[in-house]
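**Q** For the record, the sequence lines run as chains A, B and C. Each residue of the first sequence is one higher than the one before, counting from 398 in my numbering. Each residue of the second sequence is one higher than the one before, counting from 4 in my numbering. Each residue of the third sequence is one higher than the one before, counting from 468 in my numbering. Positions of the beta carbon are idealized from the N, C-alpha and C atoms, including for glycine. Pasting a structure here, questions to come.
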Amino acid sequence: MTNLVTTGVLEAMTNIVVEVMPRPEGYVYPNEATVQPLWGILIVLYPYITGLVAGAFIMASLVRVFNVRALEPVYRLSLLTAFAFLLCAPLPLLFHLGHPERCYEVMMTPHLTSPMAIFGFVYAWYLMAVLLLELWFDYRHDFVNWADITPGFKGMLYRLFIVGVTDTSEPAVALDHRIGHILSIVGIPSAFLLHGYVGFIFGSVKANPWWGNVLMPIIFIMSAMVSGIALCVFNYLVLSWIRRRTVDMKCIDMMGKFLFYALVMDATIEGLDWIHRIYSAEEGFRIMQYMAREKLFYTLSLGQVAFGTLVPLILLGLLQLIRKRVPELQRRRMYFTSSLLILIGVLAMRWNVVIGGQLFSKSLRGLMGYKMEFTGLEGWFMGAVLLCLPFIVLTVFVKLFLSERLPTSGFVPHREPGEPALEAGEV
Amino acid sequence: MSNQFSRRSVLGKIGATLAGLIAAPAAKAAKTVVQKEFVTSGAPKGYDPTQHKWRMAIDANRCIGCGLCAEACKTENHVPAGPYFRTWIERYIITKPKAGSGEARGEVFVDCPDGGMHGFPEPPVPKEEIQHSFFVPKLCNLCEHSPCTQVCPVGATFDAPDGAVLIDPTYCIGCGFCIQACPYGCRFLSPITKTAEKCTLCYHRITRGLKPACVEVCPTQARIFGDLKHPVPDDPLQQFYQNNLVLALKPHLGTEPRVFYAGIDKEVR
Amino acid sequence: MRRFIQMPPQLFRIFLLAVGIVTVYLIARYFLTPASFGQYGWYRGEALAELAARQPIYAGKKACEECHSDEYQKLIKHEHKTLSCEGCHGPGQAHADNPRKDNIAKSSFAACLRCHEANPSRPKFLKQISVKTHYTGSKCTECHVPHMPLEVP
């Protein structure tokens, strides 16, 4: 154990002074002996971002479809989070292509046996038919009101978003919400499809034993849900802190509950994957075990398992048991810590899947290495930029659509007309 | 009333346009030349891809590991220098078991220095410890159910009607999915063209009646090439199939590779 | 049909928008799909001809026979009959198109050793020599004629 830590530290220190490129050990196919793997940090970020989208949408649909009233304050924030992240999701893919100028070919001549080809359509469907429509039907009433009272560029935007349908009478608004409800119902399987197929991109590769198995889409969907809910918790706490608003503790407690149970399900499915692999010990097991121990120690054992899963499970689990005895400030801190750890843990999980699958040879006799550069298309800097970009887009959306100065229509998804609105903490 | 009519006529016009648009590509495709023979300038005239079925076979009993094939392939196909190979040779060294270990075999060493392009150096173990040692030339396995063509999102890599598995370099977007999907490691992303590349059976040679470069320069006829649809008299490929028990690589994956190997051991993956 | 046309403005506008997007997509698809796509399968049929249009760099043994038939005849009657000319002399298409002395290699004893250097991985049917013990002179051609390897020069 200390050996590994010492070697890791020494390696890191040497690399500051002299760039030491990793060399393959054992036997790897000649085409695998490239310095960098084919799919790098960009392809790690892409499933991460789409997973956050799917999870945030599920959070929103908990309110609309399952009538969880306590979560109403985060309904719009969740939808906007999903939208902001969905807009940024294709960027890592585009940057990674050898010929991004030919990207339109995926939509023009999609090869329907390829999971990647289905991407263009699933993404377009989810963006346009689910998210945009649901956002529009939810916000239309407010756009009409805001367009009248907001001057300048913002007012023009609101007028544009109305799409000319200015009827704000009771039946029209009620119709809006009925359609929104239907869209939410359609949206849940769509969200599963959006991220499930990303898991299937890896799960369908029978050539790679690390990727190609039946559980892969399920694992991706589960971890997407966990990461999306964690993101909503994180966003809600950060936004409340920035705006100096009191956090609705019922809301955050409910989010924490869903986060905990989603994490339990996720950990169970991933645990099942591990147990099955270790038990059946198929042909590639030895090299994959060696690779996981040697190359993935920090991201797997520490990042994904210890800090990304076990610690949040303990924190959130404790809160389920003794919530009443924990003061509000500590509870918020625990939720914040858990959600941050989970977000990092799910990113580590994506890293382990994508990069891990490329660290051992298909000859099952050797390992390759991965040294990320700082600059360049697949470097640290680009990765950081692409991770921050959705948050910047979300900030713009929050300023436009969650402005505290503009009155909302007071409607919250499933409430019957005439019921009083929720009070403090409504974002 | 007039509102309904104008809406109705609008909808009617839209429906007609959509129907036309859906039918248009089919009509366009039908208009494209249905003939099968090559007509592009520079391409061998009169070659009809549907009239041939090219296959390669490997006789590992005859491979001497000289590396002329890998070198010829690099030259013939302008393969970039570095870890990029359309074909390569692997050396397997199976050592004798340690005395008293109760094993049938000792350790297995596999290596492929620079694709085998410049031959092989001295083995890493002394000659006395070697139980078996042999060379295996590797290339695209010409799968019947290619996983690589299955996953291409745009239709840039495909199974040609005459048996070769090819890549359209002007259409490939460089996503790398096919490279991940190939179980045999025979594809790579060219750093120069930024598209996927692989063994094409020297398509530009076989359509002119020449042999692939690797088959041409092999001194011991370890690589056997032929046309299943038009076997020549004393066709070496037919004789190979007739005279040898063969193995295919990774049969459990269901890719149904059509390159058969004679003389390889269970250690070859 | 009447109910369909009379549907509320939100739905009708969204429906029109959807139809508009699909129309734009179909138009784009018509223009952006290459002409020969689908000729043989889900790919550009033209690609086959384009790939076949590349120029060979190795000429093949038959091409050498056209001008060097005497050497060719000697080669195919002796032990090196399965060898290709270009294995030792390098790629020959440039030379075949434009026969000159400087665009083809003369070959050296490095070519001999490439195949005949003793290596335990090589099959037993191949005659192998260990350079240190076989001969201490400088060139293989002192005792062997490359095209007729067992003949003495």
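Give me the subset of the segment 567 to 591 of chain A whose CB atoms are less than 9 Å from a CB atom of chain B, sorted by chain position.
**A** none
**Q** Express the C-alpha separation of B/Glu147 and B/Gly166 in angstroms, rounding to a whole number.
**A** Start at 1 with the first residue of the second sequence, and residue 166 of chain B comes out as number 163. Start at 1 with the first residue of the second sequence, and residue 147 of chain B comes out as number 144. Approximately 9 Å, taken between the alpha carbons.
**Q** Using a Cβ-Cβ cut-off of less than 7 Å, give me the residues of the segment 215 to 244 of chain B that come near chain C, in sequence order.
**A** Those residues of the segment 215 to 244 of chain B that come within reach of chain C (Cβ to Cβ, closer than 7 Å) are Ala216, Glu219, Val220, Pro222, Thr223 and Gln224.
**Q** Under the rule that 16 or more other beta-carbon atoms within 10 Å means buried, what is A/Asp663, buried or exposed?
**A** Taking the first residue of the first sequence as 1, we reach residue 663 of chain A at position 266. When all chains shown are included, A/Asp663 counts as buried.
**Q** Could you tell me if B/Arg94 is buried or exposed, where buried requires 16 or more neighbouring beta carbons within 10 angstroms of its beta carbon?
**A** What you label residue 94 of chain B is simply residue 91 of the second sequence in a count that begins at 1. Burial call: buried.
**Q** Checking the sheet assignment: what are the DSSP bridge partners for B/Val168?
**A** Here residue 168 of chain B refers to the residue found at position 165 when the second sequence is read from its first residue. For B/Val168, which the question treats as bridged, DSSP gives the partners B/Asp162.
**Q** Give a yes or no on whether 8 Å exceeds the smallest Cβ distance from B/Val154 to chain A.
**A** Stepping through the second sequence from its first residue, residue 154 of chain B is reached at position 151. It does: the Cβ of B/Val154 has a partner Cβ on chain A nearer than 8 Å.
**Q** For B/Phe137, list the residues DSSP reports as bridge partners.
**A** Looking up residue 137 of chain B in the second sequence gives position 134. Paired residue(s): B/Tyr95.
**Q** For A/Thr563, is the beta carbon positioned less than 7 Å from some heavy atom of the ligand FAD?
**A** Of the ligands one can find in the structure shown there are none, so the ligand FAD has no counterpart to examine.
**Q** Which residue's Cα is closest to the Cα of B/Lys141: B/Phe161, B/Ala102, B/Lys201 and B/Phe112?
**A** Start at 1 with the first residue of the second sequence, and residue 141 of chain B comes out as number 138. Comparing Cα positions, the closest option is B/Lys201.
**Q** If contacts are defined as beta-carbon pairs under 8 Å, then C/Gly557 and C/Ala526 qualify, I think. What distance do you get, rounded to the angstrom?
**A** Within the third sequence, residue 557 of chain C is the residue found at index 90, counting from 1. Within the third sequence, residue 526 of chain C is the residue found at index 59, counting from 1. Taking C-beta atoms under 8 Å as the contact rule, C/Gly557 and C/Ala526 fail to qualify, at a distance of about 11 Å.
**Q** Between the Cα of B/Gly45 and those of C/Gly505, C/Arg567, C/Gln595 and C/Leu515, spot the shortest distance and give me the residue it belongs to.
**A** To locate residue 45 of chain B, count along the second sequence from 1; it is residue 42. Checked all of C/Gly505, C/Arg567, C/Gln595 and C/Leu515; the closest Cα to B/Gly45 is C/Leu515.
**Q** Does DSSP put B/Cys155 in a helix, a strand or coil?
**A** Translated into the one-based positions of the second sequence, residue 155 of chain B becomes position 152. Note: B/Cys155 maps to coil in three-state DSSP.
**Q** Whose C-alpha, out of B/Val271, B/Asp268 and B/Val262, is nearest the C-alpha of B/Met313?
**A** Since the displayed chain B opens at 4 and closes at 272, residue 313 of chain B lies outside it and no answer follows.
**Q** Run through DSSP, which three-state label would C/Leu483 get?
**A** In the third sequence, residue 483 of chain C corresponds to position 16, counting from 1. C/Leu483 falls in the helix class under three-state DSSP.
**Q** Terminal residues of the continuous alpha helix (DSSP H) containing B/Glu79?
**A** As a first step, residue 79 of chain B is located in the second sequence; it is residue number 76 there, counting from the start. Looking at the DSSP string, the run of the alpha helix (DSSP H) that includes B/Glu79 is Leu71 to Glu79.
**Q** With a threshold of 7 Å on Cβ separation, who are the neighbours of A/Asp670 within its own chain once the five nearest residues in sequence on each side are excluded?
**A** As a working mapping, residue 670 of chain A is identified with position 273 in the first sequence. So the qualifying residues of the chain are Leu612 and Ile616.
**Q** Just to confirm the assignment, what range does the alpha helix (DSSP H) spanning B/Asp237 have?
**A** Taking the second sequence and counting its residues from 1, one reaches residue 237 of chain B at position 234. B/Asp237 -> no alpha helix (DSSP H), and no H or E assigned at all.
**Q** Tell me the DSSP secondary structure of B/Val271 in three-state form.
**A** For the purposes of this step, residue 271 of chain B is taken as the residue at position 268 of the second sequence. The answer is coil: DSSP assigns B/Val271 none of H, G, I, E or B.
**Q** Here's the rule I'm using: 16 or more other beta-carbon atoms within 10 Å means buried, otherwise exposed. How should B/Trp57 be labelled?
**A** The residue given as residue 57 of chain B occupies position 54 in the second sequence. Buried, by the Cβ-count rule.
**Q** Which one of A/Leu693, A/Pro421, A/Phe794 and A/Ser677 has the shortest CA to CA distance from A/Asn749?
**A** Along the first sequence, read from residue 1 onward, the residue named residue 749 of chain A stands at position 352. Considering only A/Leu693, A/Pro421, A/Phe794 and A/Ser677, the residue with the shortest C-alpha distance to A/Asn749 is A/Leu693.
**Q** Alpha carbon to alpha carbon, how far is A/Val661 from A/Ser511? Give it in angstroms, no decimals.
**A** Along the first sequence, one-based indexing puts residue 511 of chain A at 114. Along the first sequence, one-based indexing puts residue 661 of chain A at 264. Approximately 32 Å between the Cα atoms of the pair.
**Q** I'd like to know whether the C-beta of C/Cys582 is nearer than 8 Å to at least one C-beta of chain B.
**A** Reading the third sequence from its first residue, position 115 is the one you call residue 582 of chain C. Contact of C/Cys582 with chain B is assigned, a C-beta pair being separated by under 8 Å.
**Q** For A/Leu591, report the span of its alpha helix (DSSP H) as first-last.
**A** Numbered from 1 along the first sequence, position 194 holds the residue referred to as residue 591 of chain A. Counting along the chain, the alpha helix (DSSP H) containing A/Leu591 begins and ends at Glu567 to Gly600.
**Q** Which residue or residues does DSSP assign as beta-bridge partners of B/Ala265?
**A** Working through the second sequence from its first residue, we reach residue 265 of chain B at position 262. Partner(s): B/Asp62.
**Q** What are the residues of the segment 197 to 208 of chain B that lie near chain C, defined by any Cβ-Cβ distance shorter than 7 Å?
**A** Cβ contacts with chain C: Thr203, Tyr206, His207 and Arg208.
**Q** Whose C-alpha, out of C/Cys534, C/Val486 and C/Ser574, is nearest the C-alpha of C/Ala563?
**A** Start at 1 with the first residue of the third sequence, and residue 563 of chain C comes out as number 96. The residue among C/Cys534, C/Val486 and C/Ser574 with its C-alpha nearest the C-alpha of C/Ala563 is C/Cys534.
**Q** Can you have a look at B/Cys217 and say buried or exposed, based on whether 16 or more other CB atoms are within 10 angstroms of its CB?
**A** As a first step, residue 217 of chain B is located in the second sequence; it is residue number 214 there, counting from the start. Label assigned to B/Cys217: buried.
**Q** Just to check my reading of the structure: A/Phe704 and A/Ile741 have Cβ atoms closer than 8 Å, yes? What is that Cβ distance to the nearest angstrom?
**A** Here the question's residue 704 of chain A lines up with position 307 in the first sequence. Here the question's residue 741 of chain A lines up with position 344 in the first sequence. About 7 Å separates the Cβ atoms of A/Phe704 and A/Ile741, confirming a contact at the 8 Å cut-off.
**Q** Counting along the chain, where does the alpha helix (DSSP H) carrying A/Ile455 start and finish?
**A** In the first sequence, the residue the question calls residue 455 of chain A occupies position 58. Annotation: the continuous alpha helix (DSSP H) that includes A/Ile455 extends over Ile438 to Arg461.
**Q** Rounded to a whole number of angstroms, what is the C-alpha to C-alpha distance between A/Tyr658 and A/Gly596?
**A** Taking the first residue of the first sequence as position 1, residue 658 of chain A is located at position 261. Taking the first residue of the first sequence as position 1, residue 596 of chain A is located at position 199. In a straight line, the C-alpha of A/Tyr658 is about 21 Å away from that of A/Gly596.
**Q** So if I threshold CB-CB distances at 9 Å, which residues from the segment 506 to 524 of chain C count as touching chain B?
**A** Those residues of the segment 506 to 524 of chain C that come within reach of chain B (Cβ to Cβ, closer than 9 Å) are Gln506, Tyr507, Gly508, Trp509, Tyr510, Arg511, Gly512, Glu513, Ala514, Leu515, Ala516, Glu517, Leu518, Ala519, Ala520, Arg521, Gln522, Pro523 and Ile524.
**Q** Fully enclosed by the segment 532 to 563 of chain C, which alpha helix (DSSP H) runs are 4 residues long or longer?
**A** 536 to 543 and 552 to 556
**Q** Count Cβ pairs between the segment 445 to 458 of chain A and the segment 581 to 595 of chain A that sit closer than 8 Å; are there 3 or more?
**A** yes
**Q** Which residue's Cα is closest to the Cα of B/Ala245: B/His55, B/Asp62 and B/Glu259?
**A** Here residue 245 of chain B is taken as the residue at index 242 of the second sequence, counted from 1. With the sequence shown as reference, residue 245 of chain B is identified as Gln, and Ala is not the correct amino acid for it. Between B/Gln245 and the set B/His55, B/Asp62 and B/Glu259, the nearest pair of CA atoms involves B/Asp62.
**Q** Which first and last residues belong to the beta strand (DSSP E) in which B/Ile227 is found?
**A** Here the question's residue 227 of chain B lines up with position 224 in the second sequence. First-last of the beta strand (DSSP E) with B/Ile227: Arg226 to Asp230.
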